[in-house]
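Protein chains in written order, with the numbering used here: chain U, 1 to 418; chain C, 1 to 418.
Beta carbons: idealized from backbone N, C-alpha and C, even for Gly.
All figures in this text were calculated on a predicted structure; none of them were measured in a lab.
Below is one structure; the comments refer to it alone.
Written out as structure tokens, the structure is:
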């Protein structure tokens, strides 16, 4: 079977399964998730064995320490997966919920009902826990899922999918509710994104290059999870103590994630007071500082930031600082150079804060809080399949509700159109 | 300038304009719409002159009477456009509305704010009124718009766009808030759908072939307005008088539109009682009837429906009838052969009605009402840019709110991530 045939066959199976999942009760879906917990618990040893194969292969292929760490499973991490399933069991089922109820003058009662999206395709990289996390969210929302994981975690992923399929089987649910493409070839991704006949949406997670490739070539609708070039603007009316804590947290607490701060904008009126102490603290934490010309007048021993720095997501202990003349300039800079992910202002002036919130065109905008809060759990969604950086359908952290669609449901008593 | 350069230049101009529209107040947007009304009123004669050129060209090119009628403007139709603008002025501005407000245990206040989508691309055919209708909806929602109208109405469209641009100019708003691609070449569409750098969404209206071509090739997210192969199922527990009125209305009141009924499913238990009178009435109204084998046993002098009939959107006075054994069979048939647009059940049994609403996977599902009600005005949205037949972002009639996105807006008091 060619790659094209194999991918298309799995996509079709997933679509067929989605028709059955469409009508599952909450009770059955939760029963499935509980069964999955039991089966994962039973198979811990076998999961770790499969994972060891991936780790050994990774070491042989000289994967970086960070990547090896990302693909490593241990009992603690498996328990975290299981905890995650327990959390999703507790979440209310979005499917079937009726909302936006209206009665029209002709007596028609018009509402919307939440329904599953259908068949979801997920393309992801190293971390094997995504195999479980993404599958359970899709299943709870009544969707089937076609997974394409990274080659590094292939053995772990296959084992985890086997356990999901066994759990489906034991409950007489279609095993193809979750399918996994185990072909280690970019062509498999290229075929997957052409399956518009079977897939309702593709959610890619990974490098911006991979995501751009998918956006350019997919005939399936895409919800992109792009990069985060996040800014914090310390306004002239900021409480500088609060500003210092927020900047330090957003840069250093977990620099490798998409909601970490990459750029610091400082109002010129408080730059001389704020920057020296701030930079000293960041440097002590190992942060490399770059700055524009004005910053270099205040902080001497740092590199000049280049034009390309302002576009960049470092995902590392690097920070570029720019001094701005006004709130307007800060907003313009963020909208022009940013990636429209998460951006914050620190200010005590309510009007200026509101203006920043209104005019900065990003998935999440903050007043007086760290950009690190952009996250499904932190935003109270209960779980997260990722963070959308596009404007259609879902923007920002995506939870269960964002994995559904809706339909208009109309109750009549014989109405006809005049 | 090549077609590619020209399209890309207009897309860039539209994107730039969108950054200014993003922050317009409701007052300014309504002022613009009022200015447009005044300018349309002033230019009625010139609009009709431009339209005459299109009609003459159409007659020369042997366009069908229906198409000539669709592209014809007269004073009444221009007044309808103006009425439409007045309606949109009265609609509440969705932009800036705050919703889904939550307070988290750490004190963060997390809300969503409606924001414009940005730059919208619209691809449409014959009717010049879409030039005005689509533009005013986009502008009221704070979006700029790149229009690609059909070649048949090119002179009318250019004149209408000129009037919109003059209205923008008179209020010192960017003229490129509305741009029109006046190239009569399919390549212009193909270039437009590659402008993902500048356009946030493409809304195609037209034949299913055109829409499929766009879906397959667009790198801009698409909200498809596909065809309507709409069903009515007359259940064994239907009130047959109500069923007769609904079926007659859905088939004959306006057969050329996407929410007209194309297929009639009848429960076998009431087929002999219901069909003869129903078919007689439909035939009298000029409807050609086709039927499956079981129908032919009851109604003699009709054509046998072929397999392909069940997939087809006739948009004409043609109806195919199928007799089904059960509610389940009706639902299965609709989900398999239908286009997931609008489908209805006629029944007095509440449980069976609810099951139909839940299990039929269409943009709009009805109990005891005509499918003809699937429409932005009828559903109380106040206006409509079209009817989405896809599941992401918007499904069913799309109004002003569906032309917006949202962002998370977070109010803190110095919170950092632990």
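{"Asked": "Contact check, residue 50 (chain C) vs residue 135 (chain C), beta carbons under 8 Å", "Found": "no"}
{"Asked": "In chain order, each beta strand (DSSP E) run of at least 3 residues that lies wholly inside the region 339 to 416 of chain U", "Found": "342 to 346, 364 to 369, 386 to 388, 396 to 398 and 404 to 415"}
{"Asked": "Residue 138 (chain C), DSSP secondary structure in three states", "Found": "helix"}
{"Asked": "Rounded distance between the beta-carbons of residue 329 (chain C) and residue 223 (chain C), thought under 8 Å", "Found": "Not quite, the Cβ-Cβ distance comes to about 32 Å (not below 8 Å), so this is no contact."}
{"Asked": "Identity of the residues DSSP links to residue 268 (chain C) by a beta bridge", "Found": "In the DSSP output, where bridge partners are listed per residue, residue 268 (chain C) has none listed."}
{"Asked": "Residue environment, residue 247 (chain U), which counts as buried when at least 16 other CB atoms sit within 10 Å", "Found": "buried"}
{"Asked": "Residue 15 (chain U) to residue 205 (chain U) span [Cα, whole Å]", "Found": "21 Å"}
{"Asked": "Chain-ordered chain C contacts of residue 372 (chain U) [CB-CB under 9 Å]", "Found": "416 and 417"}
{"Asked": "Residue 290 (chain U) in three-state terms, based on DSSP", "Found": "strand"}
{"Asked": "Nearest-angstrom Cα separation, counted from residue 216 (chain U) out to residue 55 (chain U)", "Found": "33 Å"}
{"Asked": "Classification of residue 86 (chain U) by the beta-carbon crowding that lies within 10 angstroms, buried from 16 upward", "Found": "exposed"}
{"Asked": "Where residue 265 (chain C) meets chain U, residues with beta-carbon distance less than 7 Å", "Found": "Chain U residues near residue 265 (chain C): none, gap ~18 Å exceeds 7 Å."}
{"Asked": "is_contact[residue 393 (chain C), chain U] using C-beta, thresh 8 Å", "Found": "yes"}
{"Asked": "Within chain C, partners of residue 253 (chain U) - CB distance below 7 Å", "Found": "417"}
{"Asked": "Cβ contact (3+ pairs, closer than 8 Å) linking the region 288 to 303 of chain C and the region 365 to 377 of chain C", "Found": "no"}
{"Asked": "Neighbouring residues, chain U, relative to residue 94 (chain C) (Cβ below 8 Å)", "Found": "Simply none; closest approach about 14 Å."}
{"Asked": "Rounded separation between residue 67 (chain C) and residue 129 (chain C) - CA only", "Found": "14 Å"}
{"Asked": "Collapsed DSSP secondary structure at residue 254 (chain C) in the structure displayed", "Found": "coil"}
{"Asked": "Under 7 Å (Cβ pairs) to chain U, residues found in the region 36 to 67 of chain C", "Found": "none"}
{"Asked": "Close-in-space but distant-in-sequence residues of the same chain around residue 108 (chain U) (CB under 8 Å, 5 per side omitted)", "Found": "410, 411, 412 and 415"}
{"Asked": "Rounded C-alpha distance that separates residue 361 (chain C) from residue 36 (chain U)", "Found": "28 Å"}
{"Asked": "Integer Cβ distance of residue 171 (chain U) from residue 32 (chain U), believed to fall under 8 Å", "Found": "6 Å"}
{"Asked": "Limits of the unbroken alpha helix (DSSP H) element including residue 119 (chain C)", "Found": "From DSSP, residue 119 (chain C) is part of no alpha helix (DSSP H) but of the beta strand (DSSP E) over 119 to 123."}
{"Asked": "Closest by C-alpha distance to residue 197 (chain U), when choosing among U:131, U:98, U:213 and U:218", "Found": "U:218"}
{"Asked": "Cβ of residue 412 (chain C) within 8 Å of any chain U Cβ", "Found": "yes"}
{"Asked": "Supposed close pair residue 318 (chain U), residue 266 (chain U) - CB separation, criterion 8 Å", "Found": "With 8 Å as the limit, residue 318 (chain U) and residue 266 (chain U) do not qualify as a contact, their Cβ atoms being about 17 Å apart."}
{"Asked": "The region 145 to 163 of chain C in contact with the region 116 to 123 of chain C per 3-pair CB rule at 8 Å", "Found": "yes"}
{"Asked": "Test item: CB-CB of residue 236 (chain U) and residue 208 (chain U) under 8 Å", "Found": "no"}
{"Asked": "Contacting residues, own chain, Cβ-Cβ under 6 Å from residue 334 (chain C) (five flanking each side not counted)", "Found": "231, 343 and 360"}
{"Asked": "8 Å Cβ cutoff, residue 28 (chain U) in contact with chain C", "Found": "no"}
{"Asked": "Nearest neighbour of residue 1 (chain C), chosen from C:349, C:183, C:79 and C:102 [CA to CA]", "Found": "C:183"}
{"Asked": "Contact set between the region 287 to 320 of chain C and chain U, restricted to residues whose Cβ is under 8 Å from the partner", "Found": "none"}
{"Asked": "Residue 305 (chain C) - DSSP class collapsed to helix/strand/coil", "Found": "coil"}
{"Asked": "Chain-ordered residues of the region 216 to 248 of chain U with a beta carbon less than 7 Å from chain C", "Found": "216, 219, 221, 242, 245 and 246"}
{"Asked": "Other residues of its chain near residue 101 (chain U): CB distance less than 6 Å, five sequence neighbours each side excluded", "Found": "111"}
{"Asked": "Stretch pair the region 384 to 403 of chain C + the region 391 to 408 of chain U: three plus CB contacts closer than 8 Å", "Found": "yes"}
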